[in-house]
Structure formats: C-alpha cells, structure tokens
Amino acid sequence: EEFDEDSDDEDLSPQEKEAKFEAFKTQTRVQWAKEVEGNRRVGGLRTQQGLVRFWEEFISIKLAAKEVKDKIVDEHSLLLFISWNASRPKRSPRGHEIPGTFIGASQIKKHFFSALRIRKDQEALNPRIRDERRATSDVVWNAVKCAMDKAVKRVRSGMGGRPEDDADDIVHNTFLDHVSDDDLWRIGCGFLMHRNLRSVVNGHFAFCEQLATGNRGDDVRSLRLCEMQPYDMPHPNNVQVIKSVLGLQGEEKAGLKGMQSKVNPVYSVLIAHKYAERCPLAALAILCHYYFDVLNTIENEEIDWKWNKSWRTVRLFYCGKNPKKPMPEQTLFNLWAAAQDKAEVKSRLKQHFARHILPYLQRQLGVPPDETSRMGWKRGQSYYDTYAPALPKSAILAAHGFKACEPYNPVWTNVRVPEQFLALVCPMAESIAESVRGEENKQGTTYFWDMIASLRPYLFQSAAVIFKMCPKSPLFKLPALANPDVQAWMKTTFQDELTLCEARAGNAFAIGNVENAMSTSALSSANSLTSFEIQQLRAAVTEQSMAIVRLEAVFGRRTEFLSPTKGGFSMDVYEARTYHLLQNQRRTGMSSGIGLGAIGFPPPRPPSTPIRTKVTAVNEDESIYTTSESGLRAYVNDSPSDPEKARVPTQVDLVLPPAEAFARPGMCEIVLFPPTLGRHGVTWAEVFEKIKQPKQLWKIYEPAKTLDSYEHVDALWSVFTVGEAVYDAAGNRTGMKPPLVLLEETFPKGGWRSGAPSSWRKMWQRFREIPEWIQMKSHERGVPPQEVINELEEIREEKKVGLNGLVKIVKGMHEDEVEAKARKCLEEGGITESAESGNENGREGVQPRKRRAKPRAPRKRVKVVK
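Each residue of the sequence shown is one higher than the one before, starting from 103 at the first, in this note's numbering.
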C-alpha cells in the first residue's frame, strides 16, 4: 500500500505516525530487494533456492546446539557455515549423503555468496544490523579462501572421494584437459543421430553455435529470433570482407561511474566454418527452415512483419509449443548428454562443454588469451566502446578453423547450388523483405529476411557434407533435404565438384610462402651477380636447353612403341585375307577331290593370353585377356605407362562374347582371334562396333536367373540398366555383362536374341514386362524411375507375390490402361486413329473381339417304331 499522510491519521499520536512511516520505508526497501533478486537469470534463481535450503538446514542445527542466537547472517554464523560446508559430505541428487566424500571448492564459494544474498534481504528488513552485527571481515574472507584451498589440495592429492573411487585425472582443469578433433567429430555425429527431428535441429544448432562463439548453455537459450542480424566483417588483413551473422545480445544498465545510462552491446559472431559439418550459418539456416517451413511459426503466432512487437519476444531456441518461452535448461543438458553418450566421450561438462574447450582450441591457432576472453556473452561486463562493434576478429576466425594470417576461404562454399533448390527454403523471404523495405523502423526486419535468403546455399552445401557422414540422420526428413533430386545432387554432383574445388585450392598459404621465399632468394642472387657471371649463366642455360631437346628426342624415339599401332595389325584386313584364302582352298579341295579336313588347317582352339614378360608386356597388351573358365574379358582401365607392368583385372571388366562373334559368317573353320582394342580402357560401344554375328551374343549375355530368383524389383531393373555381374567358381566377381537396354538399342529387332532357343521367347516377354513398364511410366509422368520402382514394391508386398506374380499384375494394369484409352477414343469419335495406332504399336491397339457362335444342341436319337 502507498503511504498517505492525510488518511485517518488524525487520531494517531506522533509516535504512532513515526512508526507507520518507518514500516512503509521498510516495506519499500524489502520490495526493491525482492525486485533486484528477481532480476537475475532463471538459472541463478534456481541455484539460490537450492542453496537457501542448505542454509536453513545449517541454522536449524546450530540453533538446536545453541551455537547461534538467531537466524541473522553475521560474522560468527558465516564462520560456522564455512566450517560446516567444508566438512560435510557430498549428496546424491535425491539428497542422500555419500560417505567418504567432501564438496569441492566451487561449491564452498557458492554457499558463501548465497549466505551473503540472504544477508541483503535481512539488511533490507532491518538496516541497523549493518552496524550492530557486521557480516564480512578479513577473518571471514581468509576463512573462505582457506577452506577452498584445502578442498583443491584434497582433490589434487587424490583424497577427495570414497576409498573405492579413483582420483580425478591429473590433467583435469588444466590446459591439457581438452578433447581431440576426432572426439568433436563423434560428438557432432551424436547430435545428428538423435531419433527426433526437432532434437537433431536444436542440438546441431547448439553444438555449432557454442563451438563458434564460446557461449554457455544459458547464453544460447536466451537468444531471440530478431537478434540475428547480418553484418559484413572486415578481415584482419583489411582486404577481404567476411559475411557474418551477429547475435545482438545487448543489455541496458546504469554505468558504475556517475550512474549515467549507457548501452553495452554484446555480440555473438557467426561466419562460415572451415568444416561444413560445424558451420553455424548452415545450422541457423536449418533451424529457420524448420521453424518457418515445417512448424509454420508465422501463421501460428500471427506475426505481422510490419509490427515489431509481434515477433520481438519470439525465441530462437525454444522447446514446446510456445516460441516465446526459452528452452528449459534440462532439455539442453539432455541433448548434450545423449550426444556424448553416442560419441562415447566421458565429460562432466555438458552445456558449458564448448566454453571449456574454447581457450585450448584458440591457443593452438595462435590467438592471444586477451582476445579469447572477450568471446561469449558475459553479463555485467562491457566492451571497450559503446556502439562500435568491438569484435575479437582473430579469435572469431580461430573459432571457425582459420588463422588470421591466412586467406579466409571455406572451400565447400565454392560449390554452386542449383537455383531450383534454393526456392525450397523459406520461399516467402523475398516477398516479406520487399514489403517492409524502406519503411520507417523496419530496417532490422529487412536485414533479417535478406539474411535468410543469403543463408540458403549454406544449408544445402553443409547438408551434402553431413549426408556423406550420417546418411541416416533424421535431418534429411526436412522438406528441402528429403527431395529426391536434392539427395541425388548431394550424392554425386556435389561430391565431384567439391573434389575439384579442393584440388584447385590446394594449400594456398604454404604455396605463397614458398613462392615468396624463392622470389626473394632469386632477386638477392641476381643483384649480387656481375655482368660476367650473368653471361656465364646465360651460356649454361643455353647448353642445358640444347641438352633437354636432345633428351626429348631420345625419349620420344625409345617410347614410340608405347603408342597405339599405326598401320600395323588390322582385324578387317586379317578377316579379308583369311576369307579369300578359305575360298581358294575350298575350290582347290573340291576340284582335286580332297576334303577340307585334309588341307592341314590346325584345329580350332579358344583364344589364350600369352605369358607376359618385361619385353612383351606392352607390345602384346591388346586389352583382352581370358579367365579360368576360358571366357574373354576386356580391361576397363588404361594400360600403365611403365612397360614392365601389366594391367590389373578388376571386378567390372567387360564380359566379351566368344571370338566367333567378331568374325564374319563363314570364318569359323579357321583359327579366330579376338579383336585388337588398343591400350586404353574399353567401352561397350567399342565392343559392339566390332560385332559381326549378333546371334552369338545370347549364349553369353542371356539372363542368368529366372524372374522369381530376383528378390526385389531393384535387382531386375539393375540388370536392364546397369548390367549383370559374373562370378567364378569360388564366388569372386570377375566382370560385368552389358545392360540389356543397351543391347536392345544397339541390335534392333532382337538381333542379339536370334540365337535364343524357342522356349526362351515367351520367358523373355515376361522378363521385359516390368522394366518396360517402369521406363514407360517414368517417361509419361516425368518422375525418376526409382519412384515407379517403389510403387511396384509396395504392390508386391501388399499382394505378397514374387516377380512372376507381379508381371501378371503389371500386364493387367497395362491392358486396363489400353482399354481406357481405346474407350476414350471411341467416345471422341477417333476409332480409325485408335485402330491405326494399335496396328503400329502392337500392344497399344485394341482388336475387336469375335463373337462366338452358340453351341449346337446335342443330337436326339431317333426312336425306331417297330
């Protein structure tokens, strides 16, 4: 109640009025003392509530023992409280004492200052005790320091725990107590492998943000959405400009000197990390994509971007359905604990883990400790200036994996992301930014949505690296990352382009240093040379140049035989000569009455690879070799440049047909040789160009399995589009057959199947039914074949049939579609066109069914009248 001097105080005596006024003054002091205490962080308030219970337990024990007179916190009670804490054992989370243990030095310090906070409330209630019963003195301060020192020495000597427990590691709480890069990598994977998508998104952002800024757990939980703003940070070399995001965790307070009001901005700086899986910008983009595209925070919270108050209190890091309430401390603790358990990293630090290891990682990159100490949000401390961004640039770069003396260039950010992928993330960003651009008091909103649009490439680039690390992470359930085209790009295109970017980049810093050193040495040497020495140097260079020319000539002459043959052996010339020889010998044999068997041709024998020696290794390398089963194989790798080394067979070498397939008809009576394909890697197109008898292909390229032998549709589709693997008797893979689709396209009208037995023709129709359906549907609907394959797998599992049964289902579906098309043509009056297309396309047309004649009645027997 407010104090009113004129309210019904006429009947009170002056003493009573004075007492009433003193009571009002006491009430005002107590109220403001509670306001000040309540202005602390939530974590600090919870800690104080727990420590007050220890004080109440202590004071009740001492009052019962008559060692104190009352509950006032004074010098005597503080000394007893320090002694009681220094000698009591630790307690379990349930409050049970653990025999043989003692609390640590930091806990003694917390208890001491919690008692002083209780003293503040008591002084607000009774200011006279400040003079009558003082609390602090030199004796009290020295007692606290002594108790803490004894606790530290007890732990260092290994006597601070139970006899059955081991002592702490000797490097604990020293600069040697840090984790390796492999441990950090495994902890990052632990965050990515949480079962819940929201836990993965929140945990990944907390991990990347804390490692990049040094923020503690309560700091990252206090960030608001509107506090994330873009900024172009100059590099320490004053040449580059680095795109960054600032966390404007500012606080307003009264200055200590003069009590003038001032603003102390505190910044958390995020830039692209050297390693994509730890990039805080990509983690921020993933978090915003989850909030705006999955949770629909804009619609749920009814945010009006033209009204700052509508989104000023929305948290960047929240849990539950209320985005204005920060994530609980225990939730973030559980995320860190689960990630460390998955990584098998034992650490008592959870939320403050990143802050603890930051100084050691910074020191390894040469950052001074005074810059490292300025990182992270520190409440109650100000920077060196008021409004200018006092950013510790060397420490920021080191926290993201770069040294201040090297150029800033994260290689993974150089890979281009397709424009159609960028539209999958926050497509409303440009429209919102344009709607508020240029309006008064909306600069922060415009900057925020421009930042979201600029962060899109980081999301896909970082996700592609994470996809290679943890392809089964729930992170890829996000709409932008679950897209099949995006995942195909991450698997193939991104990895190839990233390899090229890394090859181009190399180690530019080391190369630059070497070039500078060489240039300096050359210039200093040139300056010291006289004109005579320069002439001698020029003569020596001319002589060396002539020697190099002679050496190149010798080298070219001696390595000329390594090049492919020019004007040498030709398969066409060989076949023509042997064909004419065969015809002449046939005529000679027929005219003289001697059979061809008596001419003396050697019997046919399968081709074989001669023994390779150092001399013949290169000369006889024709890219063809035989296997133990006398089958021909073609190398897919190029011949080595070393003449003493032979090509090494691989598991994907091409399976070739017999030598008869490469000869013209009528050449089978003489010895046949496989074609010469050169010393480069052989392709199917080169093999098929030399096939003269396609009918010889069936017996080597026919499918090795029946339909029901394939477990899934994927396996059958792979035989048609990729090829079928071939194994030897020991089960080792020795080669690959060509894709059946390629055979059908290269040899039209089934030319390669002309050598198949008649029983296989019906089987081939069933065999090609499913692949042709996949190809047709993929082309009609404009979708990847894998989507059609997944649909067929669902049908097969639902009907519980094999591939033979699936063929009947697919055939029925195809016939239903054809009938539906024909019915539609009939309704539209296009009977003629439908019939013509049916005659041309075979199965797509519908022939009119013939009516069956009615069965005749059986003959009746004629009764014979006698």
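Backbone N, C-alpha and C fix where the C-beta goes; we use that ideal spot for every residue, glycine too.
None of these values were measured; they are calculated from a predicted model.
Starting from the C-beta of L114, find all residues in its chain whose C-beta is less than 8 Å away, skip the five residues before and the five after it, and write them out in chain order.
Here residue 114 is taken as the residue at index 12 of the sequence shown, counted from 1. Contacts found: K122.
Here's the rule I'm using: 16 or more other beta-carbon atoms within 10 Å means buried, otherwise exposed. How should A985 be labelled?
A query on residue 985 cannot be resolved here, the shown segment of the chain reaching from 103 to 968 and no further.
Find the nearest neighbour of T149 within the set E124, I174, Q209, judged by alpha-carbon distance.
Along the sequence shown, one-based indexing puts residue 149 at 47. Among E124, I174, Q209, the Cα nearest to that of T149 is on Q209.
Which of the three DSSP states is assigned to E826 in this structure?
If you number the sequence shown from 1, residue 826 lands on position 724. Here E826 sits in coil by DSSP.
Taking the continuous beta strand (DSSP E) assigned at Y420, which residues delimit it?
Here residue 420 refers to the residue found at position 318 when the sequence shown is read from its first residue. Looking at the DSSP string, Y420 is not in any beta strand (DSSP E), and its letter there is neither H nor E.
State buried or exposed for V371, treating a residue as buried only when at least 16 other CB atoms are found within 10 Å of its CB.
As a working note, residue 371 is residue 269 in the sequence shown. That one is buried.
Suppose the cutoff is 8 Å on Cβ atoms and the five residues either side in sequence are ignored; what does the same chain contact list for S880 look like?
Within the sequence shown, the letter at position 778 stands for residue 880. Here the set comprises P886, P887, E889, V890.
In the DSSP output, which residue or residues are listed as bridge partners for V757?
Translated into positions along the sequence shown, residue 757 becomes position 655. DSSP output for V757 lists R735 as bridge partner(s).
Can you look up A387 in the DSSP assignment and give me helix, strand or coil?
Residue mapping note: residue 387 aligns to position 285 of the sequence shown, counting from 1. In this structure, A387 counts as helix in the three-state DSSP scheme.
Between the C-alpha atoms of Q117 and R131, what's the straight-line distance to the nearest angstrom?
Locating residue 117 in the sequence shown gives position 15, counting from the first residue. Locating residue 131 in the sequence shown gives position 29, counting from the first residue. Straight-line Cα distance between these residues: approximately 21 Å.
Would you say N739 touches the ligand SAM, meaning its beta carbon is less than 6 Å from a heavy atom?
Looking at this structure, you won't find the ligand SAM or any other ligand, since it has none at all.
Nearest CA to the CA of L350: which residue from K505, P332, M429, R288?
Against the sequence shown, residue 350 aligns to sequence position 248. The candidate whose alpha carbon is nearest that of L350 is P332.
Per DSSP, which residues does M330 bridge with? Please list them.
Along the sequence shown, one-based indexing puts residue 330 at 228. In DSSP, M330 forms a bridge with G349.
Give every residue of the same chain whose Cβ lies closer than 7 Å to the Cβ of L842, excluding the five residues on either side of it in the sequence, and list them in chain order.
Here residue 842 refers to the residue found at position 740 when the sequence shown is read from its first residue. Excluding residues within five positions, the ones whose Cβ falls inside 7 Å are V821, F822.
Give the straight-line distance between the Cα atoms of L153 and N228, rounded to the nearest whole angstrom.
The count along the sequence shown starts at 1 and reaches residue 153 at position 51. The count along the sequence shown starts at 1 and reaches residue 228 at position 126. Whole-angstrom Cα-Cα distance: 22 Å.
Quick check: the segment 182 to 191 against the segment 205 to 221, are at least 3 beta-carbon pairs closer than 8 Å?
Yes, they touch.
Going along the chain, which residues of its own chain have a beta-carbon closer than 6 Å to the beta-carbon of F293, five neighbours each way excluded?
Sequence index remark: in the sequence shown, residue 293 carries index 191 (1-based). Contacts found: G305, H306, F309, A441.
Rounded to whole angstroms, what is the Cα-Cα separation between V675 and M865?
Counting from 1 along the sequence shown, the entry for residue 675 is found at position 573. Counting from 1 along the sequence shown, the entry for residue 865 is found at position 763. Here V675 scores only 49 on pLDDT, less than 50, and its place in the model is too uncertain to base an answer on.
How many whole angstroms separate the CB atoms of D321 and A445, which I take to be in contact at a CB cut-off of 8 Å?
For this step, residue 321 is matched to residue 219 along the sequence shown. For this step, residue 445 is matched to residue 343 along the sequence shown. Actually they are not in contact, since the Cβ atoms of D321 and A445 sit about 23 Å apart, beyond 8 Å.
Please state the DSSP three-state secondary structure of M335.
Translated into positions along the sequence shown, residue 335 becomes position 233. M335 falls in the strand class under three-state DSSP.
Rank G783, T778, P805, L493 by C-alpha distance to the C-alpha of K792 and give the top, closest one.
Counting from one through the sequence shown, the residue named residue 792 turns up at place 690. K792 has its Cα closest to that of T778, out of G783, T778, P805, L493.
By how many angstroms is the C-alpha of S556 removed from the C-alpha of S496?
What you label residue 496 is simply residue 394 of the sequence shown in a count that begins at 1. What you label residue 556 is simply residue 454 of the sequence shown in a count that begins at 1. Going from the Cα of S496 to the Cα of S556 covers about 24 Å.
Is it right to say A384 is buried, meaning 16 or more other beta carbons lie within 10 angstroms of its own, or is it exposed?
Translated into positions along the sequence shown, residue 384 becomes position 282. Flag for A384 reads buried.
Give every residue of the same chain whose Cβ lies closer than 7 Å to the Cβ of K168, excluding the five residues on either side of it in the sequence, and list them in chain order.
For the purposes of this step, residue 168 is taken as the residue at position 66 of the sequence shown. Contacts found: none.
The alpha helix (DSSP H) with I205 in it runs from where to where?
As a working mapping, residue 205 is identified with position 103 in the sequence shown. Premise fails: I205 is in no alpha helix (DSSP H) and is neither H nor E.
Pull up the distance between the alpha-carbon of R735 and that of G853, whole angstroms please.
Working through the sequence shown from its first residue, we reach residue 735 at position 633. Working through the sequence shown from its first residue, we reach residue 853 at position 751. If you take the alpha carbons of R735 and G853, they lie about 22 Å apart.
Taking only three categories from DSSP, how would you classify S412?
Here residue 412 refers to the residue found at position 310 when the sequence shown is read from its first residue. Here S412 sits in helix by DSSP.
Helix or strand or just coil, what does DSSP make of P887?
Locating residue 887 in the sequence shown gives position 785, where the first residue counts as 1. Of the three classes helix, strand and coil, the one that applies to P887 here is helix, per DSSP.
Where do the N-terminal and C-terminal ends of the beta strand (DSSP E) with Y803 fall, by residue?
Position 701 of the sequence shown holds residue 803. Looking at the DSSP string, Y803 is not in any beta strand (DSSP E); the run it does join, the alpha helix (DSSP H), is 800 to 803.
Sort out for me which residues DSSP pairs E199 with in a bridge.
Numbered from 1 along the sequence shown, position 97 holds the residue referred to as residue 199. Note: E199 sits in a beta bridge opposite R193.
Checking 7 Å against the spacing of the C-beta atoms, do A566 and W551 come in under that value?
The residue given as residue 566 occupies position 464 in the sequence shown. The residue given as residue 551 occupies position 449 in the sequence shown. Cβ distance not < 7 Å, so A566 and W551 don't count as in contact.
Would you report the Cα separation of V519 and L583, rounded to the nearest angstrom?
As a first step, residue 519 is located in the sequence shown; it is residue number 417 there, counting from the start. As a first step, residue 583 is located in the sequence shown; it is residue number 481 there, counting from the start. Roughly 13 Å separates the two Cα atoms.
From the DSSP output, in three-state form, read off R219 for me.
Stepping through the sequence shown from its first residue, residue 219 is reached at position 117. The answer is helix: DSSP assigns R219 an H, G or I state.
When the Cα atoms are used, what is the spatial distance from N585 to R558?
Within the sequence shown, the letter at position 483 stands for residue 585. Within the sequence shown, the letter at position 456 stands for residue 558. The alpha-carbon atoms of N585 and R558 are separated by roughly 15 Å.
With distance defined between alpha-carbon atoms, name the residue in W819, P760, H375, R232 nearest to R870.
Mapped onto the sequence shown, residue 870 falls at position 768. The shortest C-alpha separation from R870 is found at W819.
Would you say the segment 806 to 817 touches the segment 896 to 905, given that touching needs at least three Cβ pairs under 8 Å?
Because the criterion of three Cβ pairs below 8 Å is met, the segment 806 to 817 and the segment 896 to 905 touch.
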